[in-house]
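In order, the protein sequences belong to chains A and B.
Numbering follows my numbering, in which position 294 of the first sequence is assigned residue number 294; successive positions increment by one, without gaps.
Counting from 1 along the second sequence, just add 379 to a position and that's the residue number in my numbering.
Backbone N, C-alpha and C define an ideal beta-carbon position, used for all residues, glycine too.
Right, one structure below, let's go through it.
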Amino acid sequence: MPERRKHASRKGRDSAAARRTATRDDNAAPSARPFWSGTLTFGLVSIPVDLYSASRPRAKGMRMVDKEGHPLGRQYRCPRDGQVLSTQDLVRGYETAGGQMVTFTDEELESVAPEASRDIELQRFVPLSQIPPLYFDRPYFLAPAGRSAKAYNLLARTMERTQRVAIGTFVMRDHEYLAAILSDNGVLRAHTLRRADEIRTPHAIGLPERTAAPSQQVRAAAQAIERLTREALDMSELEDRETAALEQLAQDKQRRGQDLIEEPALAADETEDGGAQIIDLMDVLRKTLSKNAMVDTADEAPGRTGAGARPMRAQAPRRAPARASRAPAGGEGSRPTRTDARLAHASKRELYKRASDLHIPGRSQMDKAELLAAIRRAR
Amino acid sequence: MSAARAIWKGHLALGEYRAPVKMYAAVEPRTVHFRLLHAEDLAPVEQHIVRKEDGREVPKDEQRKAFALSGDTAIILQPEDLQALEPEPSRDIELCRFVPRTLLGDQWYDRPYWLGPDEDEAAYFALAEALEGQETVGIARWVMRKKRYVGALDVLDGYLMMTTLRRADQVLSFSGIEPGKAATPEANELQLAQQLVATIEGDFEPQRWRDEHRDRLYALIEAKSRGEQIAPPARKRKPKPASLVEGLRASLTAAREQRLA
Numbered sequence: 001m002p003e004r005r006k007h008a009s010r011k012g013r014d015s016a017a018a019r020r021t022a023t024r025d026d027n028a029a030p031s032a033r034p035f036w037s038g039t040l041t042f043g044l045v046s047i048p049v050d051l052y053s054a055s056r057p058r059a060k061g062m063r064m065v066d067k068e069g070h071p072l073g074r075q076y077r078c079p080r081d082g083q084v085l086s087t088q089d090l091v092r093g094y095e096t097a098g099g100q101m102v103t104f105t106d107e108e109l110e111s112v113a114p115e116a117s118r119d120i121e122l123q124r125f126v127p128l129s130q131i132p133p134l135y136f137d138r139p140y141f142l143a144p145a146g147r148s149a150k151a152y153n154l155l156a157r158t159m160e161r162t163q164r165v166a167i168g169t170f171v172m173r174d175h176e177y178l179a180a181i182l183s184d185n186g187v188l189r190a191h192t193l194r195r196a197d198e199i200r201t202p203h204a205i206g207l208p209e210r211t212a213a214p215s216q217q218v219r220a221a222a223q224a225i226e227r228l229t230r231e232a233l234d235m236s237e238l239e240d241r242e243t244a245a246l247e248q249l250a251q252d253k254q255r256r257g258q259d260l261i262e263e264p265a266l267a268a269d270e271t272e273d274g275g276a277q278i279i280d281l282m283d284v285l286r287k288t289l290s291k292n293a294m295v296d297t298a299d300e301a302p303g304r305t306g307a308g309a310r311p312m313r314a315q316a317p318r319r320a321p322a323r324a325s326r327a328p329a330g331g332e333g334s335r336p337t338r339t340d341a342r343l344a345h346a347s348k349r350e351l352y353k354r355a356s357d358l359h360i361p362g363r364s365q366m367d368k369a370e371l372l373a374a375i376r377r378a379r
Numbered sequence: 380m381s382a383a384r385a386i387w388k389g390h391l392a393l394g395e396y397r398a399p400v401k402m403y404a405a406v407e408p409r410t411v412h413f414r415l416l417h418a419e420d421l422a423p424v425e426q427h428i429v430r431k432e433d434g435r436e437v438p439k440d441e442q443r444k445a446f447a448l449s450g451d452t453a454i455i456l457q458p459e460d461l462q463a464l465e466p467e468p469s470r471d472i473e474l475c476r477f478v479p480r481t482l483l484g485d486q487w488y489d490r491p492y493w494l495g496p497d498e499d500e501a502a503y504f505a506l507a508e509a510l511e512g513q514e515t516v517g518i519a520r521w522v523m524r525k526k527r528y529v530g531a532l533d534v535l536d537g538y539l540m541m542t543t544l545r546r547a548d549q550v551l552s553f554s555g556i557e558p559g560k561a562a563t564p565e566a567n568e569l570q571l572a573q574q575l576v577a578t579i580e581g582d583f584e585p586q587r588w589r590d591e592h593r594d595r596l597y598a599l600i601e602a603k604s605r606g607e608q609i610a611p612p613a614r615k616r617k618p619k620p621a622s623l624v625e626g627l628r629a630s631l632t633a634a635r636e637q638r639l640a
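In structure tokens, the structure reads:
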């Protein structure tokens with residue numbers, strides 16, 4: 001949903017480099033975190049927050065390549081003369097129901113774009129049970145930004161006490177989103193909601209009118225449900241066995257040296273699997289809310305309710321065991337420390353920031369691996 | 380609106396109890412989709428997949444996906460690899476278990492689908508009736524178009540609904556959040572906040588929140604197709620309070636006044 005630059009001509013803000021060629025980078029890493037920063041407004045109270053994705057994508061690190069492993073991109077061409085087009089040569093058009101093609105300038109589209117706003121205004125508090133799950137679109141975590149921890153806690157606690165969630169709207173990347181703000185275990189989430197007019201009714205679909213089923217059959221169905229009713233979820237039923245199988249297959253091929261590409265340019269940015277992002281959010285929550293903050297994934301559920309659950313570390317390296325130990329200057333054979341793992345998963349921008357904090361000379365010329373190595377040396 | 384087409388057909392299987400169903404998308408996104416045109420001749424552009432290094436075109440049957448293993452290695456997935464990973468085709472939607480609905484938080488839910496009866500209406504409506512009013516949802520697994528899915532079976536407005544679920548390692552939560560002293564709200568602040576919530580409490584009425592941006596976009600399209608222009612929207616501003624308590628009080632007063640008005 002948050003559009004990751006669908007069109008090469010997306011508004012006039014694209015970088016100069018992007019404007020020169022319309023070859024789209026399909027493998028571009030998602031933008032730096034947090035996703036969005038803004039302010040929750042609750043009456044006249046403002047709570048600055050940062051927004052982070054709350055669900056990790058499934059298929060991580062897939063890239064488009066040719067048979068030999070060369071990275072692929074997308075190119076726009078004119079169908080008439082085959083000319084390769086740059087974004088400057090493109091306009092956006094809309095084909096009306098009558099088949100008329102109407103074109104739009106960026107200025108025209110901007111004139112109707114939502115007013116650039118950094119506010120999520122909480123407009124109404126409603127019982128969570130009133131929101132049918134089919135409205136839920138994408139979940140995001142909200143972390144307190146700046147010195148907003150107290151107001152943030154106030155809102156989180158109040159929502160938990162009153163058993164209410166807040167409905168609000170906000171503007172992100174030129175789109176206006178409707179969201180439910182929920183409090184879960186002291187952490188706020190913004191779950192974007194689908195709009196009422198995007199939800200089809202059974203009637204609109206043309207489902208038959210309800211008819212009373214024979215009571216004997218209803219009983220049979222009730223018994224079938226009864227036999228399958230359990231007290232708890234079984235996480236093995238909710239596991240991602242497919243990605244696990246894919247990983248296994250890839251590892252087998254790696255061992256055989258089959259179809260192996262070894263090129264840094266191809267590396268999946270770790271932000272793609274959300275690993276680095278979760279660690280960031282942990283840092284933020286630890287700093288702003290609580291030193292004991294812990295992250296749990298549902299598949300680690302047994303420890304979920306336990307007080308000391310499990311430290312963050314359990315999760316990041318699990319996703320990519322090779323990375324932490326492989327990193328430069330990581331120390332031969334030594335187990336990576338938690339901070340090391342965290343560093344290995346940090347984005348270049350974060351590494352650069354740490355390098356600045358450590359006054360590492362020449363940092364602006366360093367690539368990611370060099371930054372990582374320099375930070376480790378400096379510490 | 381004309382009747383929608385089913386995207387798939389299968390059988391709900393609760394042990395021995397079976398109900399043939401058709402599956403329909405429950406969401407119809409109304410996002411405005413633009414086409415990219417060549418400015419010079421307004422021809423819709425063609426997209427070509429090319430090698431980044433030399434711009435050479437790569438036909439569809441030579442395009443592959445590479446799975447990144449770690450920092451600098453990736454594995455090219457060949458058609459036979461993908462075939463090896465394909466699940467056995469089946470028309471069964473297997474119900475693994477029914478659990479209290481509260482065990483599935485909002486973060487799990489992904490895409491909703493309506494299920495409708497396929498011929499046997501009695502089997503369908505008997506199941507809907509049996510499930511309705513219960514505080515449980517069914518966890519289901521099935522294979523559709525060569526992909527595995529996990530979903531939650533529930534009833535809404537008397538009809539069965541299947542919502543696909545995110546997978547266990549995608550769903551995150553936090554624990555151990557006990558804020559430090561300075562960040563702990565005071566009793567009077569909690570009280571004021573609670574009162575403020577009460578003043579703007581209500582029912583979930585999704586139709587209240589239209590996507591105004593989309594409305595304006597459609598209005599613009601409409602106007603432009605008639606060769607007209609439309610005026611830009613008006614803007615609004617809000618004052619900022621000095622402290623948390625002051626803000627809560629002022630909001631409370633404003634909300635009450637609004638309520639009386």
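message: Applying the 10 Å Cβ sphere with the 16-neighbour rule, what's the burial state of residue 458 of chain B?
response: Residue 458 of chain B should be labelled exposed.
Residue(s) in a DSSP beta bridge with residue 136 of chain A: A:193
Proximity below 9 Å, CB of residue 380 of chain A to CB of residue 599 of chain B: The structure shown does not extend to residue 380 of chain A, since chain A is modelled only from 1 through 379, so no value can be given for it.
message: Considering only DSSP beta bridges, list what residue 159 of chain A is partnered with.
response: BP columns for residue 159 of chain A are empty, so no partner.
Where the beta strand (DSSP E) through residue 648 of chain B begins and ends: Coverage of chain B is limited to positions 380 through 640, which leaves residue 648 of chain B absent and any answer about it impossible.
task: Give a yes or no on whether 9 Å exceeds the smallest Cβ distance from residue 125 of chain A to chain B.
output: yes
task: Run down chain B in chain order and give the residues with a C-beta less than 9 Å from the C-beta of residue 131 of chain A.
output: When 9 Å is used as the limit between beta carbons, residue 131 of chain A is near these residues of chain B: 485, 583 and 585, in chain order.
message: Classify residue 439 of chain B: buried if its beta carbon has 16 or more other beta carbons within 10 angstroms, exposed otherwise.
response: exposed
- prompt: How long is the line joining the alpha carbons of residue 218 of chain A and residue 540 of chain B, rounded to whole angstroms?
  reply: 18 Å
- prompt: Interface residues of chain B around residue 167 of chain A at Cβ under 8 Å?
  reply: Scanning chain B for C-beta atoms nearer than 8 Å to the C-beta of residue 167 of chain A yields 583 and 588, reported in chain order.
- request: In the DSSP assignment, find the alpha helix (DSSP H) that holds residue 595 of chain B and state where it starts and stops.
  value: 591-604
- prompt: Is there at least one Cβ from chain B nearer than 9 Å to residue 351 of chain A's Cβ?
  reply: no
- request: For residue 592 of chain B, go through chain A and note every residue whose CB falls closer than 9 Å to its CB, in chain order.
  value: 112, 113, 114, 171, 174, 175 and 176
task: Consult DSSP for residue 518 of chain B and reduce its assignment to one of helix, strand or coil.
output: Three-state result, residue 518 of chain B: strand.
query: Which class does residue 184 of chain A belong to by DSSP, given the choice of helix, strand or coil?
result: strand
message: So for residue 457 of chain B, helix, strand or coil by DSSP?
response: coil
message: Can you confirm whether the stretch 177-186 of chain A touches the stretch 120-139 of chain A when touching is taken to mean that 3 or more C-beta pairs between the two stretches lie within less than 8 Å?
response: yes
Proximity to residue 653 of chain B [Cα-Cα], best of A:166, A:209, A:192 and A:108: No information on residue 653 of chain B is available, as it lies outside the stretch 380 to 640 that chain B covers here.
query: Under 9 Å between the Cβ atoms of residue 195 of chain A and residue 590 of chain B?
result: yes
message: Let's see if you can read the secondary structure: which residues bound the beta strand (DSSP E) around residue 227 of chain A?
response: That residue, residue 227 of chain A, is in no beta strand (DSSP E); its alpha helix (DSSP H) goes 215-228.
- prompt: Does residue 649 of chain B come within less than 9 Å of chain A when only Cβ atoms are used?
  reply: With chain B represented from 380 up to 640, any question about residue 649 of chain B goes unanswered, as that position is not in the structure.
- prompt: Along the chain, which unbroken stretches of the beta strand (DSSP E) at least 3 residues long are found entirely within the stretch 83-113 of chain A?
  reply: 90-95 and 101-104
- prompt: Candidates A:147, A:148 and A:49: which alpha carbon is nearest residue 120 of chain A's?
  reply: Checked all of A:147, A:148 and A:49; the closest Cα to residue 120 of chain A is A:49.
- prompt: Name the residues in the stretch 34-46 of chain A whose C-beta lies less than 9 Å from a C-beta of chain B; which are they?
  reply: 41, 42, 43, 44, 45 and 46
message: For residue 163 of chain A and residue 577 of chain B, I'd like the C-alpha separation in whole angstroms.
response: If you take the alpha carbons of residue 163 of chain A and residue 577 of chain B, they lie about 11 Å apart.
query: Around the C-beta of residue 148 of chain A, are 16 or more other C-beta atoms found within 10 angstroms, so that it is buried, or is it exposed?
result: buried
message: So residue 447 of chain B and residue 63 of chain A are supposed to be a Cβ contact under 8 Å. How far apart are they, rounded?
response: That pair is a contact at about 6 Å.
- request: Go ahead and label residue 203 of chain A buried or exposed: buried means 16 or more other beta carbons lie within 10 angstroms of its beta carbon, across all protein chains shown.
  value: Residue 203 of chain A comes out exposed.
task: Please decide whether residue 205 of chain A counts as near chain B, where near means a Cβ-Cβ distance under 9 Å.
output: yes
query: Apart from the five residues on each side of it in sequence, which residues of its chain come closer than 7 Å, Cβ to Cβ, to residue 498 of chain B?
result: 399
field: Given residue 517 of chain B as reference, the closest of A:37, A:369, A:230 and A:213 once Cα atoms are compared
entry: A:230
task: Show which residues of chain A have a CB atom less than 8 Å away from the CB atom of residue 540 of chain B.
output: 134, listed in chain order.
Chain B residues whose Cβ lies nearer than 9 Å to that of residue 48 of chain A: Those within 9 Å of residue 48 of chain A in chain B number zero; the least Cβ separation is about 12 Å.
- prompt: What first and last residue would you give for the beta strand (DSSP E) that runs through residue 444 of chain B?
  reply: 442-449
message: Please report the straight-line C-alpha distance between residue 488 of chain B and residue 567 of chain B, rounded to a whole angstrom.
response: 37 Å
field: Neighbour-count burial assignment, residue 421 of chain B, 16 or more Cβ in a 10 Å radius
entry: exposed
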